[in-house]
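Participant:
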Amino acid sequence: MSRQKDPPRLALRFLKWFCPSHLYEGIEGDLLEAFDVDVEQVGLYKARRRFAYQAVRFFRPGIILRNTFASPFIQRAMLKNFIVVAWRNTVRNRTYAALNIAGLALGLATFLMMYLVVRFENSFDRYHKDADRMYQVISYDKFNEPTSHVPGAVIKFLRENSGVESASAALAWPPNVIKVRNENLQQEHAFYVTPEFMKTLDIKWIAGSPDKSLSAPYQVVLDEPTAHRLFPEGAMGKTIRVDNAYDVTVTGIIQKVPVNSEFQFEFIISYKTVDRYASWQSNENNWGGGDSSHHGYVMLKEGVEAADLEAQLRKQAELHKEHGQYAYFKLLPFSEIHFTEDNDTYNYITPHWLPDTLFYIGLFVLVIACINFVNLATVQSVQRSREIAVRKILGSSRGALVCQFFVETAVIVLMAEIIAGGMATLLVGHMDYLLSTHVASAPVWNGNTFGFLLLTGLAVTFASGFYPALILSGFQPMSVMRNKLAALSARGISLRQALVVFQFGIAQVMVICMLIALKQMQYFHTQNLGFDSKSVITIDMPDSGDEMKREHLRQQLLKHSAIKDVTFGLTSPSSTRNWWWWTIKHPNLANGAATFRLQFVDTSYFRFYKIPVVAGRMFQANDTSKTNPVVMINEQAVAALGFATPEEAIGTKLGEGDNVELRTVIGVVKNYHSQSLKADIVPHLYSFRKSNFYLASFRIDPLSAKEAIALIGKYWTQEFPDNYFKYAFLDSDLRTFYEDENKFSNMLTTFAGVGIFIGCLGLYGLVSFVCTRRTKEIGIRKVLGASISSILLLLSGNFLVLVTVAFAVAAPIAWYVMQQFLEQYTNHIEMPWSAFAVAGAITFIMAVMPVGWQSLRASRANPSDSLKYE
56 MSRQKDPPRL ALRFLKWFCP SHLYEGIEGD LLEAFDVDVE QVGLYKARRR
106 FAYQAVRFFR PGIILRNTFA SPFIQRAMLK NFIVVAWRNT VRNRTYAALN
156 IAGLALGLAT FLMMYLVVRF ENSFDRYHKD ADRMYQVISY DKFNEPTSHV
206 PGAVIKFLRE NSGVESASAA LAWPPNVIKV RNENLQQEHA FYVTPEFMKT
256 LDIKWIAGSP DKSLSAPYQV VLDEPTAHRL FPEGAMGKTI RVDNAYDVTV
306 TGIIQKVPVN SEFQFEFIIS YKTVDRYASW QSNENNWGGG DSSHHGYVML
356 KEGVEAADLE AQLRKQAELH KEHGQYAYFK LLPFSEIHFT EDNDTYNYIT
406 PHWLPDTLFY IGLFVLVIAC INFVNLATVQ SVQRSREIAV RKILGSSRGA
456 LVCQFFVETA VIVLMAEIIA GGMATLLVGH MDYLLSTHVA SAPVWNGNTF
506 GFLLLTGLAV TFASGFYPAL ILSGFQPMSV MRNKLAALSA RGISLRQALV
556 VFQFGIAQVM VICMLIALKQ MQYFHTQNLG FDSKSVITID MPDSGDEMKR
606 EHLRQQLLKH SAIKDVTFGL TSPSSTRNWW WWTIKHPNLA NGAATFRLQF
656 VDTSYFRFYK IPVVAGRMFQ ANDTSKTNPV VMINEQAVAA LGFATPEEAI
706 GTKLGEGDNV ELRTVIGVVK NYHSQSLKAD IVPHLYSFRK SNFYLASFRI
756 DPLSAKEAIA LIGKYWTQEF PDNYFKYAFL DSDLRTFYED ENKFSNMLTT
806 FAGVGIFIGC LGLYGLVSFV CTRRTKEIGI RKVLGASISS ILLLLSGNFL
856 VLVTVAFAVA APIAWYVMQQ FLEQYTNHIE MPWSAFAVAG AITFIMAVMP
906 VGWQSLRASR ANPSDSLKYE
């Protein structure tokens with residue numbers, strides 16, 4: 056047969072690779088005979104295709120599993136020998152083994168902790184049996200602004216819809232105080248829910264049931280810890296006074312809700328109780344606005360698509376657009392509630408980008424550790440060259456040598472994983488502190504964790520051991536015996552240099568990002584918001600607080616020098632809660648209407664917070680006339696209304712929604728940030744309505760803080776004896792605006808340091824090896840008159856150049872990443888080039904320490920000892 060008519064060689068090699076030797080000859084002969092026939096009948100091209108196809112068809116379990124798998128390099132005795140040799144090498148080279156294990160343990164522990172955090176965050180509310188059919192209803196107003204409030208009419212429509220299995224409502228209105236055995240107590244995590252909502256959740260009932268325990272007004276269900284705290288002797292049938300307004304009876308007890316749930320129920324009041332004192336919340340004919348704490352939930356029937364139901368809701372919103380303020384509604388999957396930043400939830404919010412970012416931080420640290428191992432393993436190959444040569448001369452195959460070094464890598468990785476598991480167990484609580492999560496409260500070690508650690512260990516073993524195994528198994532015995540290894544091993548120098556550059560490049564990107572993120576956080580915390588928040592204490596007002604009590608409290612406190620001023624309003628100037636929005640009508644507005652944020656303030660509010668009035672006047676005590684209602688606005692509202700100056704807006708009439716009543720603008724205040732600096736300043740409308748003062752603010756003398764708090768508590772208790780006294784410093788509340796960014800900065804700061812430390816461990820090992828290999832050369836240079844500084848430069852100069860190159864690579868990458876990071880904020884710093892200089896200096900100093908120390912030791916060694924070294 057001519058060469059042109061040969062079967063495809065690749066197919067033959069593939070067949071020989073997987074086919075058992077006792078079957079190969081027969082199968083090959085049959086395929087070749089069929090090939091010759093096909094060449095004659097259908098031509099060479101089709102014959103080759105058929106041959107390849109038939110060869111691949113033999114790649115099946117019936118053929119593959121008939122291999123004996125008795126390859127000489129994986130016999131049990133040989134495997135045992137590999138493990139023994141690996142342990143001896145580890146003990147003999149303690150320094151290198153310690154550096155490898157320490158670096159890998161830190162990298163694996165970091166990656167494992169990040170996995171635990173990501174797994175925990177992604178597990179929220181996924182444990183419910185029907186979680187894939189459960190949704191929260193989100194409302195969007197005419198200006199495309201989302202809110203978690205759902206009108207009662209929407210709940211009614213969903214309940215009657217044929218595609219809905221159940222629709223339910225929940226109202227998050229924690230009482231100001233509860234009274235048990237004549238003792239005032241505070242109770243957080245309190246909700247009003249319908250029985251249908253409790254049925255959809257996988258909650259274990261210890262006593263009672265949703266149908267019986269939440270079917271009538273004035274019923275309450277407690278979780279087990281709360282029941283034991285309030286009634287150690289037994290809670291069922293006991294009575295609790297709520298807000299000194301009504302009594303509820305304990306009719307059920309549930310097991311404590313898992314920490315990975317948004318619904319942290321502790322105190323659940325029947326939703327029918329709302330009908331008795333806040334019927335406007337539960338009005339099922341209402342398509343309009345309401346409190347943002349009123350939420351709607353739905354479970355779809357099997358096979359029903361959320362998009363279809365959303366389309367039906369959109370039609371209903373269109374039908375009721377004259378009476379409602381919402382343009383459309385969307386269904387948010389239960390698994391997404393935890394990640395929705397614009398949503399009011401019962402737990403904490405984690406933005407989508409944070410778990411992904413944490414995972415990549417952990418991965419980068421692990422990559423740095425793997426690079427350490429590769430570099431140290433390849434430089435150690437010189438010391439083991441004679442061992443490899445002897446093994447090859449005695450008949451060891453390259454495959455057996457590769458297997459040996461993979462076993463040695465696996466032994467190192469296994470020891471590192473054991474240490475990493477212990478570190479992660481001990482430090483997971485610290486992760487809770489850094490990220491303000493509850494990872495430590497969830498089970499850490501389970502089948503998923505062990506599986507993840509096993510797969511990670513296998514991946515690290517392969518990634519870290521592959522290249523060193525190829526290098527070591529590729530040594531030529533004769534070259535090694537003739538001491539010509541230096542020329543051979545030089546091939547690995549460029550790769551080691553590239554790995555060092557890559558390793559320190561990752562570390563420097565993390566350091567630069569950390570410094571820029573910290574500067575942005577410093578900007579957030581120090582930037583003037585447009586009002587004075589220093590030395591301000593705030594307290595939530597009770598619903599029963601009337602004007603006379605408020606004024607008496609103010610007068611009593613202002614008699615003391617420790618209290619500088621007092622004011623009341625809906626919220627503080629900048630707040631994350633109790634936002635009210637009004638639809639304002641005016642001819643100058645686009646489409647004749649716009650949504651302004653509403654704030655209720657008293658006559659001293661702007662003076663108290665030092666917010667300047669730029670036009671007109673402030674509210675006065677007699678500005679409560681219903682016949683001539685007046686309002687104030689901010690400068691942003693002036694611009695939205697189309698006026699060139701604040702003075703032009705004075706006297707203008709503003710309509711409110713469908714209300715024909717007009718309100719007169721009497722004053723304009725200077726813009727200030729009512730939200731975080733991450734958002735734009737929005738138009739504000741200010742009203743003097745005393746019935747909506749839900750927050751009291753007290754400016755105190757910072758030098759008499761303890762005295763001031765004691766005075767406020769004393770007079771507060773006198774005026775509101777049935778309400779729990781709980782205060783907060785406004786500055787502390789404002790810091791909560793940036794919790795996610797603080798988490799990100801904390802993680803970058805911690806693990807950028809870990810990454811640099813691991814990189815320095817690798818540099819220390821590399822320099823130690825170089826100093827050992829060049830001991831005699833250093834001795835000769837010293838005898839010939841070389842100075843310590845010249846030897847230092849000789850030994851360390853190359854490594855410091857690599858660190859510098861790494862910075863040059865890292866800087867533009869970090870610039871691009873952080874430019875994207877900063878641009879997501881409306882108010883942000885300019886790119887601080889000083890951060891690049893500081894990051895470069897930090898990394899350079901950290902690299903100089905191990906390199907310089909080892910180089911200095913070598914340069915100061917006695918030349919006579921060096922010349923004796925072999």
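Numbered continuously in my numbering, the sequence shown closes out at residue 925.
Using N, Cα and C, we set each Cβ at its ideal position, and we do this for glycine too.
1. Beta-carbon within less than 7 Å of F891's beta-carbon, same chain only, minus the 5 sequence neighbours each way: which residues are those?
2. Using only the alpha-carbon positions, how far apart do A432 and Q552 sit?
3. So F651 is in the alpha helix (DSSP H); what residue range does that whole segment cover?
4. Checking 8 Å against the spacing of the C-beta atoms, do S194 and F394 come in under that value?
5. Taking the alpha carbon of A227 as the reference point, which residue from Y326, V462, S590 and V656 has its own alpha carbon closest?
6. Please state whether the Cβ-Cβ distance between S629 and H728 is less than 8 Å.
7. Out of curiosity, what's the CA-to-CA distance linking I594 and Y741?
8. Based on DSSP bridge pairs, tell me the residues matched to S194.
9. My parser needs the beta strand (DSSP E) runs of 3 or more residues fully inside the segment 672-708; what are they?
10. Here's a check: name, in chain order, each residue in its chain whose Cβ is nearer than 7 Å to the Cβ of W72, leaving out the five neighbours to either side.
11. Once DSSP output is grouped into helix, strand and coil, what is the label at Y142?
12. Output yes or no for whether 8 Å exceeds the beta carbon distance between T202 and S223.
13. Identify the continuous alpha helix (DSSP H) that holds K640 and give its terminal residues.
14. Terminal residues of the continuous beta strand (DSSP E) containing K234?
15. For W342, which of helix, strand or coil comes out of DSSP?
16. Do the segment 762-775 and the segment 683-692 touch if we need at least three Cβ pairs shorter than 8 Å?
17. In terms of alpha-carbon separation, which member of G834, Y819 and S842 lies closest to A153?
18. Please report the distance separating the alpha-carbon of N427 from that of I156.
19. Indicate the three-state DSSP secondary structure (helix, strand or coil) for G263 in the structure shown.
20. Roughly how many angstroms lie between the CA atoms of M264 and I324, to the nearest whole one?
21. Residues in its own chain within less than 6 Å of A783 by CB, not counting five upstream and five downstream?
22. Taking the runs of the alpha helix (DSSP H) that are 4 residues or longer, which of them lie wholly in the segment 62-87?
23. Would I138 pass as a contact of V462 if the rule is Cβ separation under 8 Å?
24. Looking at the structure shown, is M596 part of a helix, part of a strand, or coil, going by DSSP?
25. Looking only at its own chain, which residues have a Cβ that is under 7 Å from the Cβ of Y151, when we skip the five neighbours before and after it?
26. Once you ignore the five residues that flank Y770 on each side, which residues in its own chain have a CB closer than 7 Å to its CB?
27. Can you tell me whether V702 is buried or exposed? The criterion is at least 16 other CB atoms within 10 Å of its CB, across all chains shown.
28. How should D93 be labelled, buried or exposed, when 16 other C-beta atoms within 10 angstroms of its C-beta is the threshold for buried?
29. Assign M904 to one of two classes, buried (16 or more other C-beta atoms within 10 Å of its C-beta) or exposed (fewer than that).
30. Buried or exposed: which applies to K574, given that a residue is buried once 16 or more other Cβ atoms fall within 10 Å of its Cβ?
31. Is A896 closer than 8 Å to F854 when the C-beta atoms are compared?
32. State the start and end residues of the unbroken alpha helix (DSSP H) segment that holds Y247.
33. Which residues does DSSP list as the beta-bridge partners of M302?
34. Quick one: is V146 buried, meaning 16 or more other Cβ sit within 10 Å of its Cβ, or exposed?
35. Quick check on DSSP: helix, strand or coil for M603?
36. By how many angstroms is the C-alpha of A562 removed from the C-alpha of V305?
Facilitator: Judging by the given coordinates:
1. These residues qualify, in order along the chain: I567 and A866.
2. The C-alpha of A432 lies about 14 Å from the C-alpha of Q552.
3. Counted as a single uninterrupted DSSP element, the stretch harbouring F651 is not any alpha helix (DSSP H) but the beta strand (DSSP E) occupying residues A648 to F655.
4. No, these two residues do not count as a Cβ contact at 8 Å.
5. Taking A227 as reference, the option from Y326, V462, S590 and V656 with the minimal CA-CA separation is Y326.
6. Their beta carbons are under 8 Å apart, which means S629 touches H728 by this criterion.
7. Between I594 and Y741, the C-alpha separation is close to 21 Å.
8. Looking at the DSSP output, S194 sits in a beta bridge with T202 and F384.
9. Taken in chain order, the whole beta strand (DSSP E) runs of length 3 or more contained in the segment 672-708 are 685-689.
10. Within the same chain, W72 has no close Cβ partners at all.
11. The residue asked about is misnamed: residue 142 is Trp in this sequence, not Tyr. Here W142 sits in helix by DSSP.
12. Between T202 and S223, the gap from beta carbon to beta carbon reaches 8 Å or more.
13. Taken as a continuous stretch (DSSP letters only), K640 belongs to no alpha helix (DSSP H), being part of the beta strand (DSSP E) at W635 to K640.
14. Residues I233 to V235.
15. DSSP places W342 in the coil class of the three-state scheme, outside both helix and strand.
16. Judged by Cβ distances under 8 Å, the segment 762-775 makes no contact with the segment 683-692, as fewer than three pairs qualify.
17. Residue nearest to A153 within the set G834, Y819 and S842 is Y819 (criterion: CA-CA distance).
18. Taking the straight line joining both Cα atoms gives about 10 Å.
19. If DSSP states are grouped into helix, strand and coil, G263 belongs with coil.
20. Strictly speaking, residue 264 in this sequence is Ser, with Met absent from that position. Using only the alpha carbons, I get a separation of about 13 Å.
21. Excluding positions up to five away in sequence, the list reads T593.
22. Taken in chain order, the unbroken stretches of alpha helix (DSSP H) that lie wholly in the segment 62-87 and span 4 residues or more are 64-73.
23. Cβ distance < 8 Å, so I138 and V462 count as in contact.
24. Here DSSP, grouped into helix, strand and coil, assigns M596 to coil.
25. Cβ within range, chain order: L431, Q435 and G820.
26. Around Y770, the same chain offers L608, Q611 and L612 as residues with beta carbons nearer than 7 Å, after the five sequence neighbours per side are excluded.
27. Per the sequence shown, residue 702 should be read as Glu rather than Val. Using a 10 angstroms sphere on the CB of E702, the tally of other CB atoms stays under 16, which defines it as exposed.
28. The residue is buried, with at least 16 neighbouring Cβ atoms inside 10 Å.
29. Only exposed fits M904, as fewer than 16 other CB atoms lie within 10 angstroms of its CB.
30. Per the 10 Å Cβ criterion, buried.
31. Their beta carbons are not under 8 Å apart, which means F854 does not touch A896 by this criterion.
32. Under the DSSP assignment, Y247 falls outside any alpha helix (DSSP H), being part of the beta strand (DSSP E) whose first and last residues are A245 to V248.
33. One detail in the question is off: residue 302 reads as Asp in this sequence, not Met. In DSSP, D302 forms a bridge with R296.
34. Exposed is the call here.
35. The answer is helix: DSSP assigns M603 an H, G or I state.
36. Answer to the nearest angstrom: the Cα atoms are 57 Å apart.
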